[in-house]
Each structure stands twice: as C-alpha cells, then as structure tokens.
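Residue numbering for the sequence shown follows full-length UniProt numbering, starting at 1 and increasing by one per position. Let me begin by presenting the structure, written as structure tokens, before commenting on it.
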Amino acid sequence: AAGVSTVLVDSGRRFNEAAGGARDGGADIVVEGLHLLPHRLWAHFEITGENAGPLVKYPPPEPPVAAGAKAAAVGDAKALAAMSAEQLSAEEAAAAAEGQNPPLVWAAESGSAECVDILIQAGADVNKRGYLGATAISRASRQGQVRILESLLAAGGDPDIPNIKRQYPLHFAAFKLQPAAVDVLLARGASTISLDRKGRTPAEDTSDAEIRARILQARLKNLQKKRAGVHA
C-alpha cells in the first residue's frame, strides 16, 4: 500500500535455511536484529517537516574563567590542590547552572590524571555534565585517557551517560579509534547497544575492524549471560 514499508528482522538465518528462499522475502528493509533497526530507518527514509531540522554544529566551550576550572584546564595540580573543597564545589555548581564545564571535565580534557585525582578526593561529582552534556568520562574516552578513565569509573562514574547529541562514551572511544579506552569501558559494563541520534550502536560508529569485533564479542557475551540467567 502507498506509504507503507515492510521490515524483515533476522531474515538471513531463516531464509538461508529455506531452500530457494529469497534473502529479503520481499521486504523493503532487512535487519539482523531490532537493535539495528533505528539506524536502518534513518538511512532509508527522508525525514521532512518542522521536526526534521539539520544537525547542529556547536562551537567549542567557552574558555574557563573560574580559578579551579582554569587550573584544571592547564593541568595545574598545585593550584588546584590549594583550593578548598567548598570552593571547588561552588565552581562545579555554577558551571552546571551555566551549562559549562566543571573543573573535573576540564581536568579530563587536559589529560591531567593528577588533577582528576585531586578533584575526586575533594568530592567532585564524577557524573556531573558539562558543556553539551558531556561528562568527564566522555572526554577521557574520546581522547583515550585510560588512567583518567579508570579513576573516574572506580570512583562511581557511569559509563552510559550520553551528551545532548546522544553520543555515549563507548561511541566516542570507538569513533576516535581508542582501543584501550574501549576495553576499559567494556570491562566496566558499558552498553554495547546504546544508540546515538542516528541510530548507530558503538560497533557501527567505528572504522576499525578490531574495535568493532571487540564490541560485538562483548555484546555476545552479555547476551549469553542473560540467556544463562533465564535458564538457571
């Protein structure tokens, strides 16, 4: 019928088993699993109307102004250590209210593991979102800062907090070709089926075959554990 499309899920196995069966079964879209459907829909259809605005290119964050953020951004651990926990907490709250990066996100961005440790010890919220909703874990994942990533996760950081563009830490690590960061996130239980705004899973958002294989292997292990739990 006009305006109607059909989707066939997991057709490869079924139709390969059927002698002479067509691979697509006459469907408009074929996917191996439901987790792949959003991405395929995005690629298959042209979305029009007032809700289909273009993807927005955002500017970089504003340079830090507060003392703690400035110190964290340049990796000045001595200056950061001289500040009180109260001062740093106030900066964190002010940055969140303004949609800007708190000191911890700047520290992760700068790659200073020492600054990150100082801020964690001072009570920084490891899951606090900064500019565009990014957490320190997102920034560390993007840059492959494994030492920082491990500290943040050990302090209770959540590996599955996306930014406002629906990019998760594992998406960042996979897309930016950071295999060590990918391994750390997977070991900490990061979701392998989280979808970005284009419907892509982390495995679909990398050009590296080895990274893709690691993510898919982790996904398979998670599925096997769930199945084993159901039948236990």
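Where is the CB? At the ideal position from N, CA and C, for every residue including glycine. In this text the structure is predicted, and so the values were computed from the model without any measurement.
Drop a sphere of 10 angstroms on the beta-carbon of residue i, count the other beta-carbons inside from all chains shown, and report buried for 16 or more, exposed for fewer.
i	result
residue 84	exposed
residue 195	buried
residue 63	exposed
residue 205	buried
residue 59	exposed
residue 28	exposed
What residue range does the alpha helix (DSSP H) around residue i cover?
i	result
residue 116	113–121
residue 148	146–154
residue 170	169–175
residue 132	First-last for residue 132: undefined, no H or E at that position.
residue 80	77–81
Pick helix, strand or coil for residue i, following the three-state DSSP scheme.
i	result
residue 51	Confidence at residue 51 is low in this model, with a pLDDT of 48, below 50, so the placement of that residue should be treated as unreliable; the coordinate-derived value is given next. Three-state result, residue 51: coil.
residue 98	helix
residue 212	helix
residue 182	helix
residue 240	Since the first residue shown for the chain is 1 and the last is 232, residue 240 is missing from the structure and cannot be characterised.
residue 220	helix
residue 29	strand
residue 8	strand
residue 68	helix
residue 198	coil
residue 157	coil
residue 164	coil
residue 89	helix
residue 57	coil
residue 62	coil
Determine, using beta carbons only, whether residue i and residue j come nearer to each other than 8 Å.
i	j	result
residue 94	residue 101	no
residue 132	residue 116	no
residue 126	residue 99	no
residue 110	residue 73	yes
residue 163	residue 203	no
residue 108	residue 136	yes
residue 112	residue 140	no
Under 8 Å, Cβ to Cβ, is there at least one residue of chain C near residue i?
i	result
residue 131	No chain C appears in this structure, which consists of one protein chain only.
Count Cβ pairs between the segment 211–222 and the segment 179–195 that sit closer than 8 Å; are there 3 or more?
yes
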